[in-house]
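Have a look at the structure below before the remarks.
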Amino acid sequence: MSHEEMEKQVTELVDGQIQELLVKKEDFMTFRTIWLSHPRKDEIIGEAKLHGEVVYRLVPIEKSNM
Numbered sequence: 634m635s636h637e638e639m640e641k642q643v644t645e646l647v648d649g650q651i652q653e654l655l656v657k658k659e660d661f662m663t664f665r666t667i668w669l670s671h672p673r674k675d676e677i678i679g680e681a682k683l684h685g686e687v688v689y690r691l692v693p694i695e696k697s698n699m
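Add 633 to a position in the sequence shown, counting from 1, and you land on the number used in this note's numbering.
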């Protein structure tokens, strides 16, 4: 998957257009580059699957009123 395609899918995940993003082993480094620079990276949580695949979901962090 190209950098642009992966970036589009990450944006769709964060915007709520898709519920989860499946990243295959061969696309992980592309995803990682995008994820590391994303302002909401702490909310993009991965769940490992078989054969090096990871499913990412957006888990919003609730802000406390302290």
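For every residue, glycine included, the Cβ atom is placed at its ideal position computed from N, Cα and C.
- request: Could you pull the start and end residues of the alpha helix (DSSP H) that Ile667 belongs to?
  value: As a working note, residue 667 is residue 34 in the sequence shown. Its alpha helix (DSSP H) spans residues 661 to 669.
field: Classification of Met662 by the beta-carbon crowding that lies within 10 angstroms, buried from 16 upward
entry: Taking the first residue of the sequence shown as 1, we reach residue 662 at position 29. So Met662 ends up on the exposed side.
task: Label Leu683 either buried or exposed according to how many other C-beta atoms from any shown protein chain fall within 10 Å of its C-beta, with 16 as the threshold for buried.
output: In the sequence shown, the residue the question calls residue 683 occupies position 50. Exposed, since its Cβ has fewer than 16 Cβ neighbours within 10 Å.
query: What's the C-alpha gap between Glu637 and Thr644?
result: Residue numbering aside, residue 637 sits at position 4 when the sequence shown is read from its first letter. Residue numbering aside, residue 644 sits at position 11 when the sequence shown is read from its first letter. Roughly 11 angstroms separates the two Cα atoms.
- prompt: Quick one: what's got a C-beta closer than 6 angstroms to Lys674's C-beta in the same chain, skipping five residues either side?
  reply: Working through the sequence shown from its first residue, we reach residue 674 at position 41. Closer than 6 angstroms at the Cβ level, and outside the excluded window around Lys674, lie Trp668.
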